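Read the structure below first, then the notes.
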Amino acid sequence: MTKSPYWRDFIRREDVETAVRALVDAQDFGREFESSLISDLILERHYFCRMHGLRPTVFKLTHEDRPYRFYGFFAEHGWHPVSWTKCLKPPPSKQLIIVAALRNRIEPEKLAFRKSHPICARCGQAASEETHHAAPTFDEITRQVFATVTAADIDTALADWDWFDQKVFAVPEGHVIQQCFDAIHSSARLEALCKSCHNQTKRRPKAIKTGAVASEQGSVS
Ligand SMILES: [Zn+2]
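Residue 16 is where the sequence shown starts when you use our numbering, and the numbers rise one by one after that.
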């Protein structure tokens with residue numbers, strides 16, 4: 016049985032990675048180079064570039080990060096760091112990008128809640144380390160949000176995001192998606208839990224997996 020390719024003619028994700036890494040590893044720091052393979056990979060799979068049809072044409076490595084920082088040259092924008100490794104996995108949907116932003120936005124509130132509830136609400140013994148959405152769960156809240164808003168709302172939420180200027184996406188202030196989320200979230204019951212009790216809450220199927228985007232936005236480009 017033949018397996019359908021992971022991307023282009025590459026059978027497995029590792030095959031894409033090996034091909035790109037061989038190209039990149041052959042470059043000297045600071046020297047500009049072209050690669051239609053990397054240009055296409057970023058155009059088709061980078062979470063921002065694919066939305067806007069952006070295809071960097073020239074690349075270079077700098078010493079700003081270890082083992083290097085990878086830059087692409089974008090027409091009208093110039094040089095900008097861009098991660099080719101993030102383009103190895105399938106790009107996140109628009110919904111997932113928005114969910115990650117909604118999650119980021121409530122981080123300060125979750126931190127404040129945990130600090131004001133230092134002992135785990137379930138075992139009553141260990142120190143609290145996580146703030147958990149007990150009811151409705153975070154996934155239930157976001158499911159409700161996307162059941163309420165329209166595809167056009169999703170597009171307008173993302174329309175003004177300029178990755179060149181502001182790498183981590185945030186839903187615009189006052190946008191209907193943020194309002195809808197806030198309305199449901201404001202009545203959610205939170206719990207501060209220890210790691211062990213929090214892990215037990217995760218033993219259920221998730222309709223929307225958000226971890227990938229959340230961690231992706233935590234690092235460079
Ligand atoms: Zn506990």
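All residues carry an ideal CB built from backbone N, CA and C; glycine is no exception.
Keep in mind the model is a prediction, meaning the values are calculated, not measured.
Query: Can you check the region 66-135 for any beta strand (DSSP E) of at least 3 residues that lies completely inside it and give the ranges in chain order?; Result: 73-77, 84-89 and 93-96
Query: Name the two residues that bound the continuous beta strand (DSSP E) containing E206.; Result: R204 to L208
Query: Within the structure, which residues are defined as neighbours of ligand 1 by a Cβ-heavy atom distance below 7 angstroms, reported in chain order?; Result: C135, R137, C138, Q140, A141, L208, C209, S211 and C212
Query: Secondary structure at A141, three-state DSSP: helix, strand or coil?; Result: coil
Query: Are the beta-carbon atoms of H190 and D170 separated by less than 9 angstroms?; Result: no
Query: Below 8 angstroms on the Cβ atoms is my contact criterion, and I expect T77 with E49 to pass it. Report the Cβ-Cβ distance as a whole number of Å.; Result: Not quite, the Cβ-Cβ distance comes to about 17 angstroms (not below 8 angstroms), so this is no contact.
Query: Grab me the residues of I112's own chain with a C-beta within less than 8 angstroms of its C-beta, minus the 5 sequence neighbours each way, in chain order.; Result: Y62, L173, F184 and V228
Query: Do you know whose CA, among K210, K217, F179 and A136, lies nearest R204's CA?; Result: A136
Query: Do you know how far the Cα of C209 is from the Cα of A142?; Result: 6 angstroms
Query: Starting from the C-beta of I26, find all residues in its chain whose C-beta is less than 7 angstroms away, skip the five residues before and the five after it, and write them out in chain order.; Result: K18 and P20
Query: With DSSP as the reference, please indicate the residues paired to T146 in a beta bridge.; Result: A207
Query: If distances are taken between C-alpha atoms only, which option among T146, N119 and P123 comes closest to H132?; Result: T146
Query: Going by the DSSP bridge assignment, what does W22 pair with across the sheet?; Result: F25
Query: For a test of the three-state rule: what should DSSP assign to F184, helix, strand or coil?; Result: coil
Query: With a threshold of 6 angstroms on Cβ separation, who are the neighbours of H92 within its own chain once the five nearest residues in sequence on each side are excluded?; Result: F179
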